[in-house]
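J.: Protein sequence lines, in the order shown, are assigned to chains X and P. Everything in the first sequence is counted per numbering that gives the first Met the number 0, starting at 0 for the first residue and increasing by one. Everything in the second sequence is counted per numbering that gives the first Met the number 0, starting at 0 for the first residue and increasing by one. Built from N, CA and C at the ideal position, the CB exists for glycine as well.
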Amino acid sequence: MNSISGLPLTTIVTFLPALGALVVAFSPGNKPDWARKLALGFALITWVVSLAMLGGFVATQGGTQYNEAYAWVPAFGISYHVGLDGLSMVLVVLTTTLSWISILASFLPIQTRVKEYMISFLMLEVGMTGVFVAQDLFLFYIFWELVLVPMYLIIGIWGGKNRIYATIKFVLYTLVGSLLMLVAILATAFTYAQTTGSWDGAFDVAKLIAFAGQGHLNGTFGFFAFGAFALAFAIKVPMFPFHTWLPDAHVEAPTAGSVILAGVLLKLGGYGFIRFAIPLFPEAAHTWAPVIIVLSLIGIIYGAIVALVQPDLKKLVAYSSVSHMGFVTLGIFVFQEQGLQGAILQMVNHGLITGALFLLVGIIYERTHDRTIAKMGGLGSATPVYAAAFGFFVFASVGLPGLSGFVGEFLTLVGAFKAVPAAGVVATFVMILAAGYLLWMFQRVTFGELSDFLKGLGSHLTDMKPIEAMTLVPLAALVVIFGLFPGLILNLIQGSVQAMLSAAGQVVPIALAVWR
Amino acid sequence: MYDLIPLIPLLPILGFAFTALFGRRLMLKYGRTAAEIVPVGAVVIVWLIALSVIGPALTHAEPFGETGYNVKLWTWIPAGGFNVDLGFHVDALTAVLLLVVTTIGMLVHIYSIGYMAHDKATWRFFAYLNLFMFSMLVLVLADNWVLVFGGWELVGLSSYSLIGFWYHKRSAALAAKKAFIVNRVGDVGFALGIMAIFVNTGTLNIQESLKILIEKPSAELVIPLGIVALLVFCGAMGKSAQFPLHVWLPDAMEGPTPVSALIHAATMVNAGVYLVARANPLFSSAPEAMVIVAGVGIFTAILAASIAFTQTDIKRVLAFSTLSQLGYMFAALGVGAYGAAIFHLMSHGFFKGLLFLGSGSVIHAVDGEQDMNRMGGLAKKIPITHATMLIGTIAIAGIPPLAGFFSKDEILGEAFKFGFYWVWGIGVIVAVMTAFYMWRLMGKTFYGESRVDPSVAPHVHESAWQMTLPLVLLAIPSIGLGMAVGWPLGSGALVGWLKPIFEESEIILARTPTEELFGLPINAVLVVISVLAALVGLLTAVYLFGIGRRKVNQPRIDAISNANGATRFLYRASLNKWWFDELNHLLFIRIGGRVAAAMWWFDRTVVDGTVNGVGSVTRSAGGGLRRIQTGRVQNYALGIAIGLIVMAGSFLVIVGLPR
Chain X
0 MNSISGLPLT
10 TIVTFLPALG
20 ALVVAFSPGN
30 KPDWARKLAL
40 GFALITWVVS
50 LAMLGGFVAT
60 QGGTQYNEAY
70 AWVPAFGISY
80 HVGLDGLSMV
90 LVVLTTTLSW
100 ISILASFLPI
110 QTRVKEYMIS
120 FLMLEVGMTG
130 VFVAQDLFLF
140 YIFWELVLVP
150 MYLIIGIWGG
160 KNRIYATIKF
170 VLYTLVGSLL
180 MLVAILATAF
190 TYAQTTGSWD
200 GAFDVAKLIA
210 FAGQGHLNGT
220 FGFFAFGAFA
230 LAFAIKVPMF
240 PFHTWLPDAH
250 VEAPTAGSVI
260 LAGVLLKLGG
270 YGFIRFAIPL
280 FPEAAHTWAP
290 VIIVLSLIGI
300 IYGAIVALVQ
310 PDLKKLVAYS
320 SVSHMGFVTL
330 GIFVFQEQGL
340 QGAILQMVNH
350 GLITGALFLL
360 VGIIYERTHD
370 RTIAKMGGLG
380 SATPVYAAAF
390 GFFVFASVGL
400 PGLSGFVGEF
410 LTLVGAFKAV
420 PAAGVVATFV
430 MILAAGYLLW
440 MFQRVTFGEL
450 SDFLKGLGSH
460 LTDMKPIEAM
470 TLVPLAALVV
480 IFGLFPGLIL
490 NLIQGSVQAM
500 LSAAGQVVPI
510 ALAVWR
Chain P
0 MYDLIPLIPL
10 LPILGFAFTA
20 LFGRRLMLKY
30 GRTAAEIVPV
40 GAVVIVWLIA
50 LSVIGPALTH
60 AEPFGETGYN
70 VKLWTWIPAG
80 GFNVDLGFHV
90 DALTAVLLLV
100 VTTIGMLVHI
110 YSIGYMAHDK
120 ATWRFFAYLN
130 LFMFSMLVLV
140 LADNWVLVFG
150 GWELVGLSSY
160 SLIGFWYHKR
170 SAALAAKKAF
180 IVNRVGDVGF
190 ALGIMAIFVN
200 TGTLNIQESL
210 KILIEKPSAE
220 LVIPLGIVAL
230 LVFCGAMGKS
240 AQFPLHVWLP
250 DAMEGPTPVS
260 ALIHAATMVN
270 AGVYLVARAN
280 PLFSSAPEAM
290 VIVAGVGIFT
300 AILAASIAFT
310 QTDIKRVLAF
320 STLSQLGYMF
330 AALGVGAYGA
340 AIFHLMSHGF
350 FKGLLFLGSG
360 SVIHAVDGEQ
370 DMNRMGGLAK
380 KIPITHATML
390 IGTIAIAGIP
400 PLAGFFSKDE
410 ILGEAFKFGF
420 YWVWGIGVIV
430 AVMTAFYMWR
440 LMGKTFYGES
450 RVDPSVAPHV
460 HESAWQMTLP
470 LVLLAIPSIG
480 LGMAVGWPLG
490 SGALVGWLKP
500 IFEESEIILA
510 RTPTEELFGL
520 PINAVLVVIS
530 VLAALVGLLT
540 AVYLFGIGRR
550 KVNQPRIDAI
560 SNANGATRFL
570 YRASLNKWWF
580 DELNHLLFIR
590 IGGRVAAAMW
600 WFDRTVVDGT
610 VNGVGSVTRS
620 AGGGLRRIQT
630 GRVQNYALGI
640 AIGLIVMAGS
650 FLVIVGLPR
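1. Take every Cβ of the region 266-281 of chain P, pair it with every Cβ of the region 394-404 of chain P, and state whether three or more of those distances are shorter than 8 Å.
2. Between which two residues does the alpha helix (DSSP H) carrying P/Phe587 extend?
3. Quick one: measure Cβ to Cβ for P/Ile395 and P/Met437, integer angstroms, because I've assumed they're closer than 8 Å.
4. Against chain X, does P/Phe124 count as a neighbour if the rule is that its beta carbon must be under 8 Å from one of theirs?
5. With respect to the beta strand (DSSP E) encompassing P/Pro77, which residues constitute its N-terminal and C-terminal limits?
6. Tell me, which residues are paired with X/Thr371 by DSSP?
7. Cβ closer than 8 Å: which chain P residues qualify as neighbours of X/Gly298?
8. Which residue comes first and which comes last in the beta strand (DSSP E) that contains P/Phe87?
9. Less than 7 Å between C-beta atoms, sequence neighbours within five positions excluded: which residues of the same chain meet that for P/Ile7?
10. Just how far apart, CA to CA, sit P/Tyr1 and P/Val52?
11. Give the single residue among X/Val419, X/Phe189, X/Tyr164 whose Cα lies nearest to the Cα of X/Ser295.
12. Can we say the region 218-230 of chain X touches the region 58-77 of chain X, given the rule of at least three CB pairs closer than 8 Å?
13. State buried or exposed for P/His343, treating a residue as buried only when at least 16 other CB atoms are found within 10 Å of its CB.
14. Check for me: the alpha helix (DSSP H) holding P/Asn182 runs from which residue to which?
15. If you check the beta carbons only, do P/Asn143 and P/Asn204 fall under 8 Å apart?
16. Who are the neighbours of P/Leu156 on chain X, taking C-beta pairs under 7 Å?
17. Roughly how many angstroms separate the alpha carbons of P/Gly614 and X/Phe389, rounded to a whole number?
18. Ignoring anything shorter than 4 residues or poking outside the region 487-550 of chain P, list the alpha helix (DSSP H) runs there in chain order.
19. Could you tell me the distance, in whole angstroms, from the CA atom of P/Leu106 to the CA atom of P/Pro469?
20. Taking Cβ-Cβ distances shorter than 8 Å, what residues in chain X pair up with P/Ile184?
21. What residue from X/Asp462, X/Ile292, X/Leu358, X/Gly5 has the CA that sits closest to X/Thr411's CA?
22. Whole angstroms is fine: what's the gap from P/Leu624's alpha carbon to X/Tyr172's?
23. Would X/Ala395 be called buried (16 or more neighbouring beta carbons within 10 Å of its own) or exposed?
24. Under 9 Å Cβ-Cβ, which residues of chain P neighbour X/Glu336?
25. On the three-state DSSP scale, how would you describe X/Leu6?
26. With a Cβ-Cβ cutoff of 8 Å, do P/Ile291 and P/Gly326 count as a contact?
27. Give the residues of chain X in contact with P/Leu191, contact being defined as C-beta atoms less than 8 Å apart.
28. Give me the Cα-Cα distance between P/Ser239 and P/Ile180, rounded to the nearest whole angstrom.
29. Can you tell me the Cβ-Cβ gap for X/Lys314 and X/Val250, rounded? I've got them flagged as a contact below 8 Å.
30. Excluding the five sequence neighbours on either side, which residues of its own chain have a C-beta within less than 7 Å of the C-beta of P/Tyr68, listed in chain order?
31. Report the residue from X/Glu365, X/Phe452, X/Ala255 whose alpha carbon sits nearest the alpha carbon of X/Met150.
32. With the cut-off set at 8 Å, would you say P/Ala340 and P/Phe282 are in Cβ contact?
33. Alpha carbon to alpha carbon, what distance is there between X/Pro485 and X/Val22?
34. Return the Cβ separation of X/Thr13 and X/Val81 in integer angstroms, given the expectation that the two are a contact with Cβ distance under 8 Å.
35. In this structure, how does DSSP classify X/Ala502 when only helix, strand and coil are distinguished?
36. Taking DSSP as the reference, what is the three-state secondary structure of P/Tyr166?
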């Protein structure tokens, strides 16, 4: 069942975009449409492969599936080991979905160096998928760093005015975290080799987790190693106070870059916490949990408050990401079933909804070359279809029940409330703030009379084009489907949730029973 | 047969989807009627289905019985121990709400055909109305807290869309946003309440969780019942616009008038009352929370009534009147008179729906004018509207034998009998005030000489049948509902229907009402006092604001509004709605805005400043790193190399650490 006709599906889904990049590279340089369509084609095939894998995935079975393992550097126990558990599966499909949507969304805005752009995008997809399927820490690290390069280029070449500053900041910031993580990875492997007397399996995730389960990675070592992992992941998520690269990167990145950045790249952090940091260093995770919970709460509230006063549409959505992603880390670090389920749902939903919001901002930017909220107004009458789509995703982001955002947020809150009531209470207040900044933005952009600035655009101010609608319709459909049937995801991730919780040991981190 | 219950919410959402997708095209191609047929038809069918359910559910016939009937569709959220069904529960309480919501909903749909006949986007209006019906029906039918919350939020969304229906009007857009956000403040409480219930009981099903909550020894509860009850009450305060979350409702009158009738008088604002009534065993087990409910309710009642005295916008008077009447309902809930609260919910739904639709008909007649200072003398020109509004006014004033008398009297009576004399005392004062401001509205609108704009006056006309028919139909329950279900006092049909719902509370509260006062039957004494109160209010208003051709007594009124001292203060306080909007503006826009701006400054200068500071220090320290700014890939490799050196160093340090 799991290896349909014996094909190495995991490798295929990971490296098919790389093949695509190669093909695009050899396409004629004077025909940008070829590059566009080839890239889209490969992204779509990859998407179909990932869907086929999803279809063959056995949700009830624990552990990883579609495993492939080959020795790579046997001397140090490094292997090419890929495979997927439920969480990986969900995130891989999210990646392949957002990838083709992003490529399609780049058809109109990207008019220079199209070929190079498409190659970067396909390579980005390789890196992202790789991170989610790698079952070997060394391999994981390689994919982790591979993601940086194309993103660096995408922001640095096709970005806005201040792109160089933003992209350098993005790369350096991430690099600081990931290098520390590399140190921790190597130190962990070394500890493993020293304790067991063999390098065999020193980088293998499953073996290391079993090793950690025997308490070998506790104490001071675990404390610092977890700190190093956590820093890398916290920067990616991004957690307060490591978030300031995000607004800059978003504002400067081209639309599709923002979509992937918000939709997938931020999820790498959450995934890292769940799959690596916590199972490898459960004791340290509990020690650090109070700090992370408090930082998450600050991020949730602070991100929302700062979003309230943003004059720029993209910055507003970027700060809302800080707030929304705070739910992910909060849900993870209360070590509680609903919290973790909520965190994972929130990762997926944030990818879909915020991705769509960036697409929508991009669509209006295409027409106005401006994102200043104060200059907008009255789009409801000028571009009704656009306004309706905008409204849909705004309310999805507000967390309206029936749409997907609600379930993840609510489950996270329930989990937090159960484990640390005070944290649940604080986080719930973001419901008001989120409604505040999102509706204020929506009102200023779509309601009222058409602003003079928009009037000045004349016939340039067109409603959504079919190609733009095509990027949003699948996202809207998924938002509705997951809103009504969150079980589709919850069933898939059940194994991963149980695995992390049992690795972490279900201990309530901070007992703050305020009401007793 | 009863498995058709899911159709009740399903048809309106299908109507919404259909109209949202095709309404515009249908309207452009085939005209208004084509776009209206589906949404209106859906609601009419829903009304018919609901009627077939309401009868047996009220009389506890099989399969409903005393405990109600459940239909489950699928498990919405299967999250470990946190299981949320998409399921419906129908018992007598649900049936009462269904009756109010579907009946008034249907009439408002029909009325809107006439009222919105000149709007460019009628299709959108009907789409939103259908969405509202769906949300409200989910809210009352839901069998678990999370689904109630779902309907609750969707009601908020539909109300947002409908208040802001004329979105090009700035005031409408602002009012819509205000309504949603203020509601969300309450929703935070409600959401926390749901979590508290889940943590306490491990289930989200309403019936099961309530059972566990009251049966579990209080020492085993993680969160005390009083807190849980107050959290749930927070949600109720938002939707039902109780002080201090009342500020959104008057502004919500920016929406088209049918919306004011449907959402902001007859249905949505009842959601809070329904919620507390639904959770009545929880509240009854938390007497300290009950007192707060009663206090907030009766305070809102008198506060809003005092504001209604001086408002000149006809819809705003009705809006404050709604607040005041909702306050009555919460006072009733707070004293444990749950049945009376639901009774008043029902009768108020009908007569206030009537009054709002009537005011819409008036506004329609005078070409969109809402200021009562530019009305007057309209009684003869729009006779049906006048007659039906007169019925509504007498009903709300509490004159027997109209509906309002029975339900209001039951609230006041029970408050007195259960020993809440302060609630009763304030309640009687509010009754005087209600009768007064309602007649003020009638006098200024319909009687005396005409102050209508001369350019409009010749065109004043009675509205189309689609608008007058609902008025007439609503007048029927406004007259007869009390006699039908509320007679004899205290033991009418409604009491029997709702008995199983509130049985548990009766046992918990275990109170014996006072039966006699001054040696007379208490009911008789209290009824006389209530009726006298209403008459005092009415007659004073008749004296000041006229009746028939009798003119407004302007010199008297001027004398009052120009008085000095306490009267002047009260007058200005009423006119300015006790300055709550100004207070909120100061707190949340001026001060809150500063805080947010300060935080952003902090983010740019301190948080990001540190990052950039570290960056520039590193840059000047390591000369080689500076080239990374050129943006070349080679430099990236250099970064890795430097990182590896750092890594090697740290590696040695960490390995050297004692484990």
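T.: Working from what's here:
1. no
2. Here P/Phe587 belongs to no alpha helix (DSSP H), and DSSP marks it neither H nor E.
3. 6 Å
4. no
5. 68-78
6. X/Asp311
7. In chain order: nothing, as chain P lies at least about 11 Å away.
8. 81-89
9. These residues qualify, in order along the chain: Val45, Ile48, Ala49, Leu136, Leu140.
10. Their backbone Cα atoms lie some 7 Å apart in a straight line.
11. X/Val419
12. no
13. buried
14. 169-200
15. If you check the CB distance, P/Asn143 and P/Asn204 come in under 8 Å.
16. Phe394, Leu399
17. 38 Å
18. 492-508, 521-544
19. Separation of P/Leu106 and P/Pro469 (C-alpha to C-alpha, rounded to the nearest whole angstrom) is 5 Å.
20. Sequence inspection shows Val at residue 184 of chain P; the Ile mentioned does not correspond to that position. Chain-ordered, the chain X residues with CB closer than 8 Å to the CB of P/Val184 read Ile431.
21. X/Ile292
22. Note that P/Leu624 scores 47 on pLDDT, short of 50, meaning its location in the model is unreliable; the coordinates nonetheless yield the value given after this. The alpha-carbon atoms of P/Leu624 and X/Tyr172 are separated by roughly 14 Å.
23. buried
24. Ala78, Gly79, Gly80, Phe81
25. coil
26. No, these two residues do not count as a Cβ contact at 8 Å.
27. For P/Leu191, the residues of chain X that pass the 8 Å Cβ criterion are Phe416, Gly423, Val424, Thr427, in the order they occur in the chain.
28. 14 Å
29. 6 Å
30. Same-chain partners within the cutoff: Tyr1, Pro62, Val89.
31. X/Ala255
32. no
33. 38 Å
34. 7 Å
35. helix
36. coil
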